[in-house]
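A quick write-up on the structure given underneath.
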Amino acid sequence: MVETVKKYLNELIIRTINNFSKEKQLPRETLSFRIEKNSLADYGDYNTNAAYILAKYLKQSPMQIAEELLPYFEEAKKDYDKNGWIEAIKISQPGFINFTLNSQFIFYLQSSLYSSPSAFWKAGFWGDILKDIGRKVQVEFISANPTGELTIGNGRGGFLGLAIANILSLAGSKVTKEYYVNDMGRQIEKLGASILLAQGKSLDSYQPTIKPEECYRGAFVDNLAADFKASSNETLIAIGQRVSQKILKNIQSVISQKFKIHYDKWLRESDLVENGYLKKTRIWLKQSGLTYEKDNLTWLKTTAFGDSEDRVIDKPHESGFEGAGTYFLSDIAYHLYKFQKGGYDRVIDIWGADHYTHMQKMLMAVRQMHKDKIIKPQQKFEVILVQLVMLVQNGEEVKMSKRSGNAYTIAELIDEVGYDAAAFYFLEKPPNTHFNFDIDKAKAQSMDNPVYYVEYAGVRIKSLLVKNKQRLSKPQWDILKEREEINLAKKIGEYPDVLREVVLGLEINHLLTYLKELAAAYHNFYNNCQILSSEESLK
RNA sequence: GUCCCCAUAGCUCAACGGAUAGAGCAACAGCCUUCUAAGCUGUGGAUGAGGGUUCGAUUCCUUCUGGGGACACCA
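Residue numbers (my numbering): 1 to 539.
This is the structure in structure tokens:
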């Protein structure tokens, strides 16, 4: 079965090179040539750099190799390409081999997609992909602390995590979406203290380890404080936990209502105490000989892995902190839990770029898990860091700070610019780039936002479908003649390859780029070709 | 100070080491008697600076300049 253009060409190239190598008595080696879509139509539709790869090996010029290769291509084509889907194979300076496709091929690809979509996705196209992308995958994203509202920054990780989870499950992985809730520790105590401060109370009687100037401020905290009554003898932690539960409910409703994300699992840090994983992790690390005591603290020898300093994982157990350990320790426990209990063969975490050092430490920890064979070798761990988003308003940067409480929330943003526009805007850029989110432009729904360009194409298609009540049961691909029609068809023909590459590389922004190109091809086509008035070419 | 990310058109962003660096917006010139103007067609406009590797560099290495971020017994 032929699923994608590149796969089809790939087979032809392999056959050609094999024949070539045999006659030239070259050792059989797998060559990592590429197949690329051509940027300029003059050269044909696709190209390969196979001649360059061979040239390096044979120490001849690529152009010379390409010329030598050409008869082998023609020979292989006779045998392989019986339908004549490859119209022409040509060489161009300085050594590219170009393929021009017969439109029939594109039509064939589409009709196989069109006539039986589910079979198309399940067939060989995805079948061999699962071992690369993981059968059982966990994507953990957002995981913001329940001490404030979700910010614009969470928007980037949120939409990216959702898109990655969706696309992996489309490709056949069993995907679990998870949110990790930090419901213990100093952040929670800080929240409790903040509430009391907002109520104008003194912290003196609580003996807090938090200074007032570290506490959260602003309307958000004031609102929570307004209808909160601390009972006597309630600790700061207890107050914080009670308030954080309320905040978590709020976060959950934003996530389901605004983000439209349905998490499979919400795991709390305190769950790791209850299920014993924190304890288990302590024991494991101690047995590994990677810990030592100093200054009344327990340290992990991360310097053994190249870290600049060892890290604290445990501190004296203060009241209210029993079993908590540091964030590093509980996160190691969490990941051990993911791999052992969850049994995932791929864990993807999406974190803000401020977690860079934490990421390095966690990679070390998982490496040690592999080394000690407490998780399986095939269980993989990866982190995608998303760079922070800079919020711009009135041409100026808006500082986003949870503590001062003037953060623009993601819920407000989604309401203002619309769900699709927000998702598009975030996903359009690769995660490791910095970008400015200009509130004014997004609010004004100006044409700076390419989502309208793409959506308008969708609107046009829809309106045609509504107006054209009669649907053809079977599309007739072979009657397209106009340049715009064929361009559009070829663009559609790229889709399986694009999707495959996005699935493998998790580069969601490439999918968005493709969408923009597809929309352009459609607008172009729509503008030039009458559809409803033509009888046969209904589509 | 150490480490990470980034630098491309007036603006926001693309470009798995490949050919003439692409889109959208903005500017300019055209196209609404049509399923169609949230669109189409055309024009002008760019790789921060210097070295290196390569047949070939926006992409890899290196130095510099300029932005952002991280360097906790917070998460």
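Virtual Cβ for every residue (Gly too), placed ideally from N, Cα, C.
Contact set for residue i: own chain, Cβ-Cβ below 8 angstroms, skip 5 residues either direction
{"i": "Ile35", "result": "Lys6, Leu9, Asn10, Ile13, Tyr46, Asn47 and Thr48"}
{"i": "Asp345", "result": "Gly134, Arg135, Lys136, Val137, Lys376, Gln378, Gln379 and Lys380"}
{"i": "Glu189", "result": "Pro208, Thr209, Ile210, Leu236, Ile237, Gly240 and Gly320"}
Residue i, DSSP secondary structure in three states
{"i": "Ile97", "result": "strand"}
{"i": "Arg217", "result": "coil"}
{"i": "Gly352", "result": "strand"}
{"i": "Arg268", "result": "strand"}
{"i": "Gln252", "result": "helix"}
{"i": "Ile142", "result": "coil"}
{"i": "Glu507", "result": "coil"}
{"i": "Val88", "result": "The sequence given here has Ala at residue 88, not Val. Strand."}
{"i": "Ile16", "result": "The identity of residue 16 in the sequence shown is Thr, whereas the question assumes Ile. Reduced to three states, the DSSP call for Thr16 is helix."}
{"i": "Tyr522", "result": "helix"}
{"i": "Tyr263", "result": "coil"}
{"i": "Lys462", "result": "helix"}
{"i": "Leu191", "result": "helix"}
{"i": "Ile540", "result": "Residue 540 lies beyond the residue range present for the chain, which begins at 1 and ends at 539; the question has no answer from this structure."}
{"i": "Asn10", "result": "helix"}
{"i": "Ile167", "result": "helix"}
{"i": "Asn275", "result": "coil"}
{"i": "Gly200", "result": "coil"}
{"i": "Ala230", "result": "coil"}
{"i": "Gly320", "result": "Residue placement at Gly320 is poorly supported in this model, since its pLDDT is 45, which falls under 50; the coordinates are not used for a value here."}
Cut-off 7 angstroms between Cβ atoms - residues of its own chain near residue i, not counting five sequence neighbours on either side
{"i": "Leu488", "result": "Ala521, Tyr522 and Phe525"}
{"i": "Thr303", "result": "Glu309 and Asp310"}
{"i": "Gly493", "result": "Val5, Ile106, Leu109 and Gln110"}
{"i": "Ser270", "result": "Asp183 and Met184"}
{"i": "Tyr52", "result": "Pro62 and Gly95"}
{"i": "Leu529", "result": "Per the sequence shown, residue 529 should be read as Cys rather than Leu. These residues qualify, in order along the chain: Glu482, Glu484 and Glu485."}
{"i": "Val386", "result": "Arg156, Gly157, Leu160, Ile350, Gly352, Ala353 and Pro431"}
{"i": "Phe33", "result": "Ile13, Thr48, Asn49, Ala50 and Ile53"}
DSSP bridge partner residues for residue i (one or two, in chain order)
{"i": "Gln393", "result": "Glu396"}
{"i": "Asn436", "result": "Met390"}
{"i": "Phe381", "result": "Val347"}
{"i": "Trp299", "result": "Tyr292 and Val312"}
{"i": "Asn47", "result": "Glu36 and Asn98"}
{"i": "Thr409", "result": "Thr151"}
{"i": "Thr176", "result": "Gln138"}
{"i": "Val181", "result": "Arg268"}
Cβ-based burial, residue i [other Cβ within 10 Å; buried from 16]
{"i": "Ile548", "result": "An answer regarding residue 548 cannot be provided, because it is not within the stretch 1 to 539 covered by the chain."}
{"i": "Gly148", "result": "buried"}
{"i": "Lys371", "result": "exposed"}
{"i": "His262", "result": "exposed"}
{"i": "Asn233", "result": "exposed"}
{"i": "Thr16", "result": "buried"}
{"i": "Asn145", "result": "buried"}
{"i": "Thr357", "result": "exposed"}
{"i": "Asn260", "result": "One point to set straight first is that residue 260 is Lys, not Asn, in the sequence displayed. Result: exposed."}
{"i": "Lys229", "result": "exposed"}
{"i": "Val466", "result": "exposed"}
{"i": "Lys279", "result": "exposed"}
{"i": "Gly289", "result": "exposed"}
Rounded distance between the beta-carbons of residue j and residue i, thought under 8 angstroms
{"i": "Leu300", "j": "Thr291", "result": "6 angstroms"}
{"i": "Asp349", "j": "Val383", "result": "5 angstroms"}
{"i": "Leu336", "j": "Met359", "result": "Their Cβ separation, rounded to whole angstroms, is 17 angstroms, which puts Leu336 and Met359 out of contact at 8 angstroms."}
{"i": "Thr281", "j": "Ile332", "result": "5 angstroms"}
{"i": "Tyr425", "j": "Val451", "result": "7 angstroms"}
{"i": "Val503", "j": "Ile167", "result": "6 angstroms"}
6 angstroms Cβ shell around residue i - same chain, five flanking residues per side excluded
{"i": "Ala66", "result": "Ala51, Ile91, Gly95 and Ile97"}
{"i": "Val392", "result": "Asn436 and Asp438"}
{"i": "Leu329", "result": "Ile313"}
{"i": "Lys177", "result": "Val139, Ala165, Tyr263 and Asp264"}
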